[in-house]
Structure formats: C-alpha cells, structure tokens
Amino acid sequence: EHYDERIEKWFEDSPSAVYTDLSMNPSMRGWGAYNTHRGYNQLDNTLVFRGEVLYLDEVMKAINELLDKCKPYSFHGR
26 EHYDERIEKW
36 FEDSPSAVYT
46 DLSMNPSMRG
56 WGAYNTHRGY
66 NQLDNTLVFR
76 GEVLYLDEVM
86 KAINELLDKC
96 KPYSFHGR
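Structure representation (structure tokens):
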C-alpha cells in the first residue's frame, strides 16, 4: 500500500541512486541486496519486499487449510 510514497522516502534517505525492482533471486546478489525493492526467490519460494520476506509455502499451506475447512459448506459436483 502506498508504494509510491515508500519509493520517494527511500530516495530521500538512500545514499545511492541505484534502484532495483522486480528482481529474480535477489538474495543471490550480495552486492545489490540493499537496493532491491521487490523480488522473487525461486530457491526458497519467497517474495522479498525491501528486506521483508514473505514465505509463499506458508501462505499456500494456510490457503489449503482454509479450503479444507470450507469444503463441508461448498457444493460438491459443480
């Protein structure tokens, strides 16, 4: 949310003008990890947003648990 404001704040506070977005496997690039804003790590199935990590396997597990709990209340055969 308010990604544009986060970008502006980063440029105000950053010692560098380097900005990397939508990076693939940013954790493998030690030299540019600080400048990576959003990325996907295929090795551990995670999304990275400015140093925060979201473990997609955990998200999928939770979604599947919700799906299983909802099955008794859904129409079968549709």
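Count along the sequence shown from 1, add 25, and you get the number used in the numbering used here.
Quick reminder that beta carbons are idealized off the backbone N, C-alpha and C, glycines included.
As a quick exercise: from the options, pick the residue whose alpha carbon is nearest that of residue i.
i	options	result
Ser-48	Tyr-65, Leu-79, Val-84, Lys-86	Tyr-65
Tyr-80	Gln-67, Ser-41, Pro-97	Gln-67
Lys-86	Asn-50, Phe-36, Glu-37, Asn-70	Asn-70
Give me whichever residues DSSP pairs with residue i in a beta bridge.
i	result
Arg-63	Phe-74
Tyr-80	Thr-71
Ser-41	Note: Ser-41 sits in no beta bridge, so no partner.
Met-49	Tyr-65
Residue i lies in the alpha helix (DSSP H); which residues open and close that run?
i	result
Phe-100	Per DSSP, Phe-100 belongs to no alpha helix (DSSP H) and is neither H nor E.
Lys-34	28-38
Are residue i and residue j touching if we call contact CB-CB under 7 angstroms?
i	j	result
His-27	Asp-46	no
Asn-60	Val-78	no
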